[in-house]
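Okay, structure first, notes after.
Numbering (this note's numbering), first residue to last: 2 to 91.
Here it is in structure tokens:
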């Protein structure tokens, strides 16, 4: 099981990869398989990160059977969150 620090890192990485992939266009998403390839995150940790971020309203997730993200999309709130983070940290 991932530590709290690892879980936070996975969440940040999911948001960053999504944000970069869609370049701020919330109509575009990426597949769970692409996220896994890009992040090299264990499947259960990726699912946990996606569940958390969806609960926060930052992403939407279409799930495949077996608790695997099929398609992940940033919400408007998720884009705002990433833009604020970008402004704050450059």
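Glycine included, each C-beta is placed from N, C-alpha and C at the ideal position.
In this text the structure is predicted, and so the values were computed from the model without any measurement.
Measuring CB atoms only, is the region 5 to 13 touching the region 49 to 59, in the sense that at least three cross pairs come out at less than 8 Å? The region 5 to 13 is in contact with the region 49 to 59.
For residue 62, which three-state DSSP category applies? Strand, per DSSP.
Could you tell me whether the Cβ atoms of residue 3 and residue 46 are closer together than 7 Å? If you check the CB distance, residue 3 and residue 46 come in under 7 Å.
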